[in-house]
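Peer 1: Residue numbers (our numbering): 98 to 217.
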């Protein structure tokens with residue numbers, strides 16, 4: 098995929114694809130959302146890294162798509178105001194990785210059902 102722009106609830110965000118050499122933040126993650134500058138960063142793996150990395154059942158492309166969905170959902174939470182208004186002792190619920198992962202992983206299945214029922 099190439100860098101692109103996406104509209105998140107009326108606000109333009111940039112999606113940027115970079116290698117770990119281009120962005121050292123990828124030492125700890127495969128993607129991140131920066132709401133201060135409206136950018137979503139997604140790690141690109143080299144062929145050599147793919148040989149070393151274990152994505153489980155996913156291909157490199159499936160993994161990348163899941164990361165993109167995950168980070169886009171973070172952006173939606175931010176733009177909707179839920180990010181700022183979810184208070185909790187540890188991690189605010191709207192910033193929680195578990196909820197974001199649920200939607201990022203399950204959304205293709207949910208949308209398939211919606212499409213089958215023609216309710217989109």
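All C-beta atoms, glycine included, are put in the ideal place defined by N, C-alpha and C.
On a predicted model such as this, the values are computed, not experimentally measured, just so you know.
Throw me the rounded Cβ distance for the residue 167 and residue 198 pair, which I believe falls under 8 Å.
Peer 2: About 6 Å; that satisfies the 8 Å criterion.
Peer 1: Got a sec? Which residues, its chain only, sit under 6 Å from residue 116 by beta carbon, not counting five neighbours each side?
Peer 2: For residue 116, where only same-chain residues beyond five positions count, the Cβ hits under 6 Å are 141.
Peer 1: So for residue 102, helix, strand or coil by DSSP?
Peer 2: Residue 102: strand per DSSP, three-state reduction.
Peer 1: Classify residue 139: buried if its beta carbon has 16 or more other beta carbons within 10 angstroms, exposed otherwise.
Peer 2: So residue 139 counts as buried.
Peer 1: Distance, Cα to Cα, residue 194 vs residue 130?
Peer 2: Straight-line Cα distance between these residues: approximately 12 Å.
Peer 1: Flag this pair as yes or no: are the beta carbons of residue 204 and residue 106 separated by less than 8 Å?
Peer 2: It is not a contact, given that the beta carbons lie outside the stated cut-off.
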